[in-house]
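> According to full-length UniProt numbering, the residues represented by the sequence shown are 1 to 162, in order. The structure is given below, and queries will be raised subsequently.
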Amino acid sequence: MDAVDREILALLQRDGRITLTELAEQVRLSVSRCQRRVRELERTGVIAGYHASVDAASLGYGFEVLAFATLSRPDAVAEFDAALAEVPQVIEAQRLFGEPDYLIRLVAPDLDYYQRLYENVLVRLPGLQGLSSTIVMKHAVRARPLPDRPPHALPTELGAES
1 MDAVDREILA LLQRDGRITL TELAEQVRLS VSRCQRRVRE LERTGVIAGY HASVDAASLG
61 YGFEVLAFAT LSRPDAVAEF DAALAEVPQV IEAQRLFGEP DYLIRLVAPD LDYYQRLYEN
121 VLVRLPGLQG LSSTIVMKHA VRARPLPDRP PHALPTELGA ES
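Laid out in structure tokens, this is it:
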């Protein structure tokens, strides 16, 4: 991956609906060369997909929860993952090293709904030993594009040398 690929990725992360012609113009390539690069980034999985960013509250999901799950046994992972994937209110989940085993992000219309979801669905997930949760007060930093500089480069304000 070179600087042009990184620039293409940065532009696509900011605006996934940019036309190929506009993208090619901004990275100073012909449309055909730019298209080949984009297709290669898609083929290799660097570009994992395209989506619209939707405001959850406008769809009635104004209540967000972070839940921390601990499994009762190591062999429960596959079963727990499959069951978790079936809960539509789970919008993101990561398996972690150490304790807890999972960080789960959920949405709900309100506290009452989340309480019913917790009692009737979440605590009954297979292999679950414990589940604790906290309510999201506000998003200090919303999901955003990945940095467009190489991972080893720190911004100068974080102590990197110029």
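Beta carbons: idealized from backbone N, C-alpha and C, even for Gly. From a predicted model like this one, the values you see are computed outputs, not experimental measurements.
Can you tell me where the beta strand (DSSP E) with Ser32 in it begins and where it stops?
Per DSSP, Ser32 belongs to no beta strand (DSSP E); it is in the alpha helix (DSSP H), Val31 to Arg43.
> For residue 251, which residues in the same chain have their Cβ closer than 6 Å to its Cβ, ignoring the five residues on either side in sequence?
This structure cannot settle anything about residue 251, because the visible part of the chain is limited to 1 through 162.
> With distance defined between alpha-carbon atoms, name the residue in Arg17, Glu40 and Ser32 nearest to Ile6.
Residue 6 is actually Arg in this sequence, not Ile. Measuring from the Cα of Arg6, the nearest candidate turns out to be Glu40.
> So, is Tyr50 buried or exposed, given that buried needs 16 or more other C-beta atoms within 10 angstroms?
exposed
> Name the residue from Glu79, Thr70, Arg105 and Leu106 whose alpha carbon lies nearest to the alpha carbon of Gly98.
Thr70
> So, is Glu127 buried or exposed, given that buried needs 16 or more other C-beta atoms within 10 angstroms?
The sequence shown places Gly at residue 127, not Glu. Classification for Gly127: buried.
> How would you label Tyr96, buried or exposed, when you count the other beta carbons within 10 angstroms and need 16 or more for buried?
The question names Tyr, but residue 96 is Leu in the sequence shown. Its Cβ having fewer than 16 others within 10 Å, Leu96 is exposed.
> Distance, Cα to Cα, Thr44 vs Asp112?
44 Å
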